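All remarks here apply to the structure that follows.
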Amino acid sequence: MKHRLDHPGLDALVLPDDLKSLDAELSSIRYEERPSFGPELEGELAKAWLTRTPAQRPWARRLAVAAVIALLLVGTTVPSARASLVRFIGTLQTEEVAPVEGPEVTVPAEAAPQPVDSSDAIVELRPPVIAEVVPVEVPTPPIEVPVEWPAPTLPVLVDREEAEASIREAYPLDLQRAGVGGSVRVLLWIDPRGSVDNVNLDEGSGVPALDRAALLVAPSFRFRPASRRGQSVGTWVEFDVIFQPMAQQFGQIAGVGDGAASDPNIFDPSVGAAWRGTVDAAAPVGRETSELLATAIDDDEVIARLGPVESMLVGEPPPGVGPTQWRSDVSAVLEDAMERNPDNPAPLLALARIRRRQGLKGEARALFERGLQRAVRSDSRVSPSLFADLHYERGLLIKEGWQASNGLGRVRADALDLAACPQAASSGGSEDGYASADRLIAWNYLCPAELDEIFSTGFEPSYNSGPANLDVMTASFRTAIAAHPVHVGANVEVLLALSEQGRWEEVLEASERFARASNRHPYGLLLGGLALQRLSRPEEARDRFTLAMLGLPAHEVNALKDLRFVLDRSQLAEYRRTTGVQRRNWEDRFWAPLDPILSTAVNERAIEHLARAAHARLRYGDVQSDASEVLIRYGEPNRLRVVGELGGPRTEFWNYGTGPHVTFTGLGPTPATELTQEGRAYVNDLRDVFVHRYGTDARDPVPLAVEFEAHEGTGLQVQMRVDVPDEFEVEEQRLLELGVFLLDASGALVSSTVIETPAVEGPVSLEASVSAEIATVVVELFDPASGRVAVFRDAVPPPSDGLEPY
Amino acid sequence: MSAHPYTRAMQIQDNVTEKVTRQAPTRSRPRLPSEFETWFVEHQSSVYRYVRFRVATREAAEDVTSDVFMKALRSFERYDASRASPKTWLLRIARNAVTDHLRALKRRGSLHVSLDRIPDLVANVPSAEERVIKQERIQRLLNGTQTLRKGDQEILSLRYGSGLQNSEIAEHLGVSDNAVAVRLHRALKRLQDVVRDPDLARTQDHEA
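Respectively, the protein sequence lines represent chains A and B. At position 714 of the first sequence the residue is numbered 714 (the numbering used here), and the sequence of numbers has no breaks. At position 82 of the second sequence the residue is numbered 82 (the numbering used here), and the sequence of numbers has no breaks.
Listed below in structure tokens is the structure:
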């Protein structure tokens, strides 16, 4: 139900011009009353009316008085009754009077309760995964109704294919080509004939052209109308019009526009020059954008007073200038420039960045969007990088809001009551039937296993921002890349989003396109390295990381290689005393004995460490952040739960199965994931318990049992029987890699054999031919799925005549 | 590998399907007295909008509106048509209910309206971005209104919330049409001053 106000009698009021605009503004406010509120309230009122107490029913009181009077009249005129009346009055003097009951309420058939108007129903067209039927709670009438009507029905789309075809037709071609899609929620009034009579925009896609297309196409949908008591009636319907670019999948967008005939050696670190530009995700201020802003301000004196245009564009004051006053002064200048230059988006971009730094995110997003509208209007004068920046930063704001709300939920307090954790009994209470964050944190530290169980039974999601915002966010990044294929921030966001979903093949492809298009941007290479490591291609991952680090500044390389998070206390003290080359040597010495598969040319754990550090760097913006520390030490949590309410502080529980369990609490609406003082103390203490976790295993490989039989032939033929250790999950479909590596006296690999064997119980046999130069034999069993490794390593005895079992 | 919250929502497929969020599941309902039902149908929206203009959220507006009609239902048989029209009578009950609500709220904390709580108050604008901008402006106006003296709040709500004409406002307040025009003018002026200079709001608040 929407109301637009008309004030027919108010024009008589003579207002000065400035108040007239305020009057118009206040009059233009539209009230979106919940469509079902009126009927629901009416139902409640009717129920209250029927169930009111006799004291609230004047007619019942009147009826009771009339009955008493009639009784008195009869009692005084009929002799036999008079005696009864005297006795009755006698009892009144000694006994309490029973209250007069109101008569039974009966409802004649013609006044029988009516069906609730189905016009208060909202049909929402949504993806199937979130489809559910939620009946409205309607008060049950206290009486049986003899008349039955057919149940009300809701509108149904007559021809879905036809509607989808209409949507495809209405999808602006240029947006389709640019891969810009989104979801537009419209509110439709379906009249009793099934036609769409009224269309309102309920939730926009963020792309005005798509919103317009949705509003234009919606009236063409045909519905079977809602019905009530067998009669067709009008009703409101929520409908998601989804514009999905046909050919382009999300993962294919990164790095679009790369040259197919680019350098074939682009990923070979030994060939060609490394990246030589800046590596910030926030694009450097482009010259065109600076010029556009200077034109808009058009006042050299102001620019000279408030600092360079570049400072204004990034929203940061020049060095030595206090930010608060500066931002306030610059805001005024930019607002003025906005008004005077209605087609220039640069002042909006600058002001939006200032607003974001001031924490005014809603306003910042609106400014980015207005900037985009201006950019579209005057696209010939706007550089692609400015257009991409506007889209990218808008996408980031949406992402921040979405991350702060997504997955939020609360844990019912009664779920905790059913479990036992005596140590945490006195910690924190409950709020509105839900466990407080303090209480959950106490359980997480003291009884993590019980808490995990509680989460599975007592967790109630409190908010789901749904895919709509995500669509808008995705559309923003897509459009940024379409406009400017080498936009670093937008490409990184797309690659990170794919990484979070574990779509490593796509991450790899997209990162390679981006790295080619940008000529080896280090962030593209880092994410490519991460994907290669996840795809069990550690040697290629090592090359990709090497290439990335060639293009990164020294402090970033140091941060990626930094080991302080994975060292125990004594190692840490030693490590901190090293610098420069000494430190690099220390790192090599640290990794050497930890190489899980000695026979390969890379140290898989060192590469895994780099992969985690690169992921943390790009996901959290800083390798040294608390969240990065936990991610680097322990990898991705097995399960992540978020407790909190929308707009309030969040608490994240990172669960690693058998431990550790890390809590980030008091998180605000920003992506920063920092530990509290208590959380920090706990993570420090963990150093003694879990120094790090690589894969699902502890640091040391599982020992492998190998039986040898040697036979003299052309050389020494060794027959081996290898038992699959208990620690390896037995599952016939899974393949394990079994390798034999023969090393000479210097430790160099002379020959190797690797076979694949099903992960079944029982021994596996294989043969190797051992020549005289072989000094050591290594047998390794590797589970590529879990990263588990079992190793046998021993010296080869000199051939003997007896051919004894080895 | 765990499912990061990011992942879960990203995996939602973009298929189109129907979802019924609210059904009308019952075939019958009790009836109100016909006279009261007429008042309800005619004035419910007006009362709701008056209330909505003065309270921070849609939920609060629904609660207060329910309260108004429950009170009205309890005493509608005592309603005296010679003293006020049904609309005026209902709006008077609404005024008292809003006062009670705001008093209770003031005891608990802030009266300020935040942007994410006013998604239902928008101007008729074509695009999502204009909607956001408009909502922020409405937020400022509503927060400004909250700082005005009670009389100003009342007259602005009657005009811009309920959409009453001057004569109706005059009947409601028991003053002349002319007095309504003057009071409206002054209230608008004060609102404009407050929106332009929020510091003034604190002064007025203090004075009030």
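Every residue gets a Cβ at the ideal spot worked out from N, C-alpha and C, and that includes glycine. If you're wondering where the values come from, they're calculated on a predicted model, not measured in any experiment.
Alanine 337 of chain A: contacting residues in chain B (beta-carbon distance under 7 Å): Your numbering for residue 337 of chain A matches position 337 in the first sequence. Under the 7 Å cutoff, chain B gives no residues; its nearest Cβ is about 17 Å from alanine 337 of chain A.
Beta carbon proximity, tyrosine 210 of chain B to chain A, threshold 7 Å: No answer is possible for residue 210 of chain B: the residues shown for chain B start at 1 and end at 208.
Any 3 or more C-beta pairs closer than 8 Å across the segment 773-783 of chain A and the segment 729-746 of chain A: yes
Beta carbon proximity, phenylalanine 76 of chain B to chain A, threshold 7 Å: The residue given as residue 76 of chain B occupies position 76 in the second sequence. For phenylalanine 76 of chain B, the answer is no, since every Cβ of chain A falls outside 7 Å of its Cβ.
Short Cβ contact (7 Å threshold) for phenylalanine 459 of chain A with valine 382 of chain A: As a first step, residue 459 of chain A is located in the first sequence; it is residue number 459 there, counting from the start. As a first step, residue 382 of chain A is located in the first sequence; it is residue number 382 there, counting from the start. It is not a contact, given that the beta carbons lie outside the stated cut-off.
Unbroken stretches of the alpha helix (DSSP H), 4 residues or longer, contained in the segment 564-611 of chain A: 569-576, 580-591
Neighbour flag for arginine 29 of chain B against chain A, beta carbons, 7 Å: In the second sequence, counting from the first residue as 1, residue 29 of chain B sits at position 29. Note that arginine 29 of chain B scores a pLDDT of 45, beneath 50, so its modelled location is shaky and nothing firm can be said.
Chain B within 7 Å of glutamate 363 of chain A, Cβ atoms only: Translated into positions along the first sequence, residue 363 of chain A becomes position 363. So, interface residue.
Opposing strand residues paired with serine 232 of chain A [DSSP bridges]: In the first sequence, residue 232 of chain A corresponds to position 232, counting from 1. In DSSP, serine 232 of chain A forms a bridge with A/Ser227.
Valine 722 of chain A (DSSP reduced to helix, strand or coil): Counting from one through the first sequence, the residue named residue 722 of chain A turns up at place 722. If DSSP states are grouped into helix, strand and coil, valine 722 of chain A belongs with the strands.
Buried or exposed by the 16-neighbour rule on C-beta atoms within 10 Å, applied to asparagine 166 of chain B: Numbered from its first residue, the second sequence carries residue 166 of chain B at position 166. So asparagine 166 of chain B ends up on the buried side.
Buried versus exposed call for aspartate 174 of chain A [16 or more other C-beta atoms within 10 Å across all chains shown]: Indexing the first sequence from 1 puts residue 174 of chain A at position 174. Exposed.
Residues bridged to valine 199 of chain A (per DSSP): By one-based count along the first sequence, residue 199 of chain A stands at place 199. Looking at the DSSP assignment, valine 199 of chain A forms a beta bridge with A/Leu188.
For aspartate 744 of chain A: DSSP bridge partner residues: Taking the first residue of the first sequence as 1, we reach residue 744 of chain A at position 744. Paired residue(s): A/Ile774.
Identity of the residue in A/Phe708, A/Thr579, A/Val691 nearest valine 764 of chain A by Cα: Locating residue 764 of chain A in the first sequence gives position 764, counting from the first residue. Closest option to valine 764 of chain A, Cα to Cα, is A/Phe708.
Through-space distance from asparagine 198 of chain A to glutamate 652 of chain A, alpha-carbon basis: Mapped onto the first sequence, residue 652 of chain A falls at position 652. Mapped onto the first sequence, residue 198 of chain A falls at position 198. Their backbone Cα atoms lie some 44 Å apart in a straight line.
Inter-stretch contact (C-beta, 8 Å, three-pair minimum) for the segment 471-478 of chain A and the segment 205-216 of chain A: yes
Pair within 7 Å by beta-carbon distance, alanine 419 of chain A and isoleucine 454 of chain A: The sequence position of residue 419 of chain A within the first sequence is 419, counting from 1. The sequence position of residue 454 of chain A within the first sequence is 454, counting from 1. The answer is yes: Cβ separation under 7 Å.
Residues within the segment 57-84 of chain B neighbouring chain A, beta-carbon criterion of under 8 Å: Arg58, Glu62, Thr65, Ser66, Phe69, Met70, Leu73, Arg74, Glu77
Through-space distance from glutamate 171 of chain B to aspartate 177 of chain B, alpha-carbon basis: The residue you call residue 177 of chain B lines up with position 177 of the second sequence. The residue you call residue 171 of chain B lines up with position 171 of the second sequence. Taking the straight line joining both Cα atoms gives about 8 Å.
Any chain A beta carbon closer than 7 Å to glutamate 136 of chain B: As a working note, residue 136 of chain B is residue 136 in the second sequence. Yes, contact with chain A.
Under the three-state DSSP convention, the category proline 155 of chain A falls into: As a first step, residue 155 of chain A must be located in the first sequence, where it is residue number 155. Coil.
Contacts that tryptophan 49 of chain A makes with chain B (C-beta to C-beta distance below 9 Å): Position 49 of the first sequence, counted from the first residue, corresponds to residue 49 of chain A. Chain B residues near tryptophan 49 of chain A: Pro30, Arg31, Leu32, Pro33, Phe36, Leu73.
heavy atom of the ligand HEM below 6 Å from glutamate 162 of chain A C-beta: As presented, the structure is devoid of all ligands, the ligand HEM included, so that no description of it is given.
Which of helix, strand or coil DSSP assigns to asparagine 341 of chain A: Taking the first residue of the first sequence as position 1, residue 341 of chain A is located at position 341. Here asparagine 341 of chain A sits in coil by DSSP.
Residues within the segment 734-760 of chain A neighbouring chain B, beta-carbon criterion of under 7 Å: none
Terminal residues of the alpha helix (DSSP H) in which alanine 790 of chain A lies: The count along the first sequence starts at 1 and reaches residue 790 of chain A at position 790. Not the alpha helix (DSSP H): alanine 790 of chain A falls in the beta strand (DSSP E), residues 789-795.
Reference leucine 610 of chain A; option with closest CA among A/Pro593, A/Arg542, A/Ala490: Locating residue 610 of chain A in the first sequence gives position 610, counting from the first residue. Of the listed residues, the one whose Cα sits closest to leucine 610 of chain A is A/Arg542.
Residues of the segment 178-191 of chain B with Cβ closer than 8 Å to any Cβ of chain A, in chain order: Ala181, Leu184, His185, Leu188, Lys189, Leu191
Span separating the alpha-carbon of aspartate 299 of chain A from that of glycine 502 of chain A: Numbered from 1 along the first sequence, position 299 holds the residue referred to as residue 299 of chain A. Numbered from 1 along the first sequence, position 502 holds the residue referred to as residue 502 of chain A. Roughly 51 Å between the two C-alpha positions.
8 Å Cβ shell around arginine 810 of chain A - same chain, five flanking residues per side excluded: Any question about residue 810 of chain A goes unanswered here, given that chain A covers just 1 to 806.
Beta-carbon spacing of leucine 351 of chain A, leucine 334 of chain A below 7 Å: Counting from one through the first sequence, the residue named residue 351 of chain A turns up at place 351. Counting from one through the first sequence, the residue named residue 334 of chain A turns up at place 334. Yes.
Terminal residues of the beta strand (DSSP E) in which glycine 409 of chain A lies: One-based indexing of the first sequence puts residue 409 of chain A at position 409. Unbroken beta strand (DSSP E) run through glycine 409 of chain A: 408-411.
Contact with chain A by glutamine 44 of chain B, beta-carbon distance below 7 Å: Walking along the second sequence from the start, residue 44 of chain B turns up at place 44. So, interface residue.
Neighbour flag for isoleucine 169 of chain B against chain A, beta carbons, 7 Å: On the second sequence, position 169 is the one that residue 169 of chain B refers to. Output row for isoleucine 169 of chain B: interface = no.
Beta-carbon proximity of tyrosine 434 of chain A to alanine 413 of chain A, cut-off 7 Å: Taking the first residue of the first sequence as 1, we reach residue 434 of chain A at position 434. Taking the first residue of the first sequence as 1, we reach residue 413 of chain A at position 413. Contact flag set, yes.
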